[in-house]
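J.: Those protein sequences? They're chains A and B, same order as listed.
With the working numbering, the residue at position 49 of the first sequence is 49, and numbering never jumps.
With the working numbering, the residue at position 99 of the second sequence is 99, and numbering never jumps.
Would you mind keeping the following structure in view while I ask a few things?
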Amino acid sequence: MQTYHHRLIQQLQTMKLTYRQIGELTLSSEGAVQGWMRKKALPDKIYVQQLERVIKIVDALRGLINPSAFQSWLMRPNKFFGKSPYQAIIDGDYEKLQEFIMTTREGVFA
Amino acid sequence: MPEFFISKFEGILWRQTALGIHPLDTQGSFLYGGRFNPPALFQMLYSSFSIKGARAEFLKFARSRDTEPDELLPREIHQFFVTLDNVIDLTDSRNRKAINCSARVLIKKDWGLTQKIGLQLNRECEAIISYSAAAPKEKNLILYESGIRRAVVVASSVIDIMPDWDKIAS
Numbered sequence: 001m002q003t004y005h006h007r008l009i010q011q012l013q014t015m016k017l018t019y020r021q022i023g024e025l026t027l028s029s030e031g032a033v034q035g036w037m038r039k040k041a042l043p044d045k046i047y048v049q050q051l052e053r054v055i056k057i058v059d060a061l062r063g064l065i066n067p068s069a070f071q072s073w074l075m076r077p078n079k080f081f082g083k084s085p086y087q088a089i090i091d092g093d094y095e096k097l098q099e100f101i102m103t104t105r106e107g108v109f110a
Numbered sequence: 001m002p003e004f005f006i007s008k009f010e011g012i013l014w015r016q017t018a019l020g021i022h023p024l025d026t027q028g029s030f031l032y033g034g035r036f037n038p039p040a041l042f043q044m045l046y047s048s049f050s051i052k053g054a055r056a057e058f059l060k061f062a063r064s065r066d067t068e069p070d071e072l073l074p075r076e077i078h079q080f081f082v083t084l085d086n087v088i089d090l091t092d093s094r095n096r097k098a099i100n101c102s103a104r105v106l107i108k109k110d111w112g113l114t115q116k117i118g119l120q121l122n123r124e125c126e127a128i129i130s131y132s133a134a135a136p137k138e139k140n141l142i143l144y145e146s147g148i149r150r151a152v153v154v155a156s157s158v159i160d161i162m163p164d165w166d167k168i169a170s
């Protein structure tokens, strides 16, 4: 039977993220994510919360960026964030990410 | 209180959003502000007089987010109809004189003064008309809450690729 964290990780995989990326984004590691998937260990609550947070952000960003461009956009340095959006997620720049998401939804005039 | 020349407006306006966003949604502009509204004080809806203006705003927005326009597609372009009795047209020099501001201030990169103007006019009218900073020959109409309530969405089209802008315009 699949556990909650399995479903979370699988959801991130459907967003085209690798175990390595999921490990980085959740501040754990590729090995830890693989261990969780193989049921070798259960993630601490803090990692489950981080998985949930990352899913919300990545899902919202994927709703704004063309799917074919998403991976390259995510990894490329972006002046708005002062770093790549990927690094912004790792660094927990949630206010900036939220600003990008909310203003891009509406295309607020600049 | 300065004396403004109030005008009426009736017509179609244009606005682009991400897919699936309500055409009159202003949550983002409320939370993070815009050229004429400081963050978290009141909502404003930014719209263009023409699809050309909406396209220029889209391109400028993409630049401001350091993102290629193509990467932000698909998007939706909405048309809504509005009838307003109480509009302050800032492209009218008499109104600019009333608030002691130049046309250049309206399209400056720094939003400090325009946000002060928006705050000042908040209770004076339903909307303001200004030049587009993205295409200064184009005009924008920016609605306050009372103006947004009078807007009726008439059509929405999906922009899948950049040439779709021209197709819809024609």
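Glycine is no exception: its CB is placed at the ideal position from the N, C-alpha and C atoms.
The structure displayed is predicted, hence computed values, not measured ones.
Determine, using beta carbons only, whether B:A18 and A:T103 come nearer to each other than 8 Å.
T.: No, the pair does not count as a contact, with Cβ atoms beyond the cut-off.
J.: Helix or strand or just coil, what does DSSP make of B:D110?
T.: Coil at B:D110, not helix or strand.
J.: Assuming A:Y47 contacts A:T26 under a Cβ cut-off of 8 Å, what Cβ separation, rounded to an integer in Å, is found between them?
T.: That pair is a contact at about 6 Å.
J.: Who are the Cβ neighbours of A:A41 in its own chain at under 6 Å, not counting the five residues just before and after it?
T.: Excluding sequence neighbours, A:A41 sits near G35.
J.: Any idea what DSSP makes of A:F80, helix, strand or coil?
T.: Coil at A:F80, not helix or strand.
J.: Alpha helix (DSSP H) containing B:Y144: first to last residue?
T.: It is not in any alpha helix (DSSP H) - B:Y144 carries neither H nor E in the DSSP assignment.
J.: The beta strand (DSSP E) with A:E99 in it runs from where to where?
T.: From DSSP, A:E99 is part of no beta strand (DSSP E) but of the alpha helix (DSSP H) over 94 to 106.
J.: For B:E138 and B:T91, I'd like the C-alpha separation in whole angstroms.
T.: Whole-angstrom Cα-Cα distance: 11 Å.
J.: Which residues of chain B have a Cβ atom closer than 8 Å to the Cβ of A:G63, listed in chain order?
T.: Per Cβ cutoff of 8 Å: A18, L19, G20.
J.: Output needed for B:I159: all residues of its chain with C-beta closer than 8 Å, excluding positions within five of it in sequence on either side, in chain order.
T.: The answer, listed in chain order, is Q16, L73, P74, R75, E76, I77, W165, I168.
J.: Compute the Euclidean distance between the alpha carbons of B:G53 and B:A135, then round it to the nearest angstrom.
T.: Straight-line Cα distance between these residues: approximately 7 Å.
J.: Could you tell me the boundaries of the alpha helix (DSSP H) in which A:G35 lies?
T.: Start and end: 30 to 37.
J.: If you measure between the beta carbons of B:Q43 and B:E145, is that distance less than 8 Å?
T.: Yes, Cβ-Cβ distance for B:Q43 and B:E145 is below 8 Å.
J.: Quick one: is B:G34 buried, meaning 16 or more other Cβ sit within 10 Å of its Cβ, or exposed?
T.: Its Cβ being crowded by 16 or more others within 10 Å, B:G34 is buried.
J.: Within the chosen definition, does the region 117 to 126 of chain B reach the region 20 to 31 of chain B through at least 3 CB pairs nearer than 8 Å?
T.: Touching, no.
J.: On the CB-based measure, 16 or more other CB atoms within 10 Å of its CB, does B:T83 come out buried or exposed?
T.: The residue in question, B:T83, is exposed, as its Cβ has fewer than 16 Cβ neighbours within 10 Å.
J.: So, using beta-carbon positions, are B:I6 and B:N86 closer together than 8 Å?
T.: Yes, they are a contact pair.
J.: May I ask which residues mark the beginning and end of the beta strand (DSSP E) holding B:G53?
T.: Segment 51 to 64 is the alpha helix (DSSP H) holding B:G53; no beta strand (DSSP E) there.
J.: Could you tell me the boundaries of the alpha helix (DSSP H) in which B:D166 lies?
T.: Segment 163 to 169, the alpha helix (DSSP H) holding B:D166.
J.: What does a CB cutoff of less than 7 Å around A:R76 pick up in its chain, not counting 5 residues either side in sequence?
T.: Counting only Cβ-Cβ distances below 7 Å, and skipping sequence neighbours, we find S84.
J.: Can you list, in chain order, the residues of its chain with a C-beta nearer than 7 Å to that of A:W24? Leave out the 5 residues immediately preceding and following it.
T.: The sequence given here places Glu at residue 24 of chain A; Trp does not occur at that position. Result list for A:E24: I90, in chain order.
J.: Who pairs with B:S219 in a beta bridge, going by DSSP?
T.: For residue 219 of chain B there is no data in the structure shown, the boundaries of chain B being 1 and 170.
J.: Report the three-state DSSP secondary structure of B:L186 (helix, strand or coil).
T.: Because chain B here runs from 1 to 170, residue 186 of chain B falls outside it and cannot be looked at.
J.: Ignore the nearest five residues each way along the sequence and tell me which others in B:I51's own chain have a CB closer than 8 Å to its CB.
T.: Closer than 8 Å at Cβ, skipping near neighbours: W14, I77, W165, I168, A169.
J.: In chain A, which residues lie less than 7 Å from B:G28 when you measure between Cβ atoms?
T.: Ordered by position in chain A, the residues that pass the 7 Å Cβ test against B:G28 are M102, T103, R105, E106, V108.
J.: Quick one: what's got a C-beta closer than 7 Å to A:A32's C-beta in the same chain, skipping five residues either side?
T.: Cβ neighbours of A:A32 beyond the five flanking positions: G23.
J.: Does A:E52 come within less than 8 Å of chain B when only Cβ atoms are used?
T.: No, because no Cβ of chain B sits closer than 8 Å to the Cβ of A:E52.
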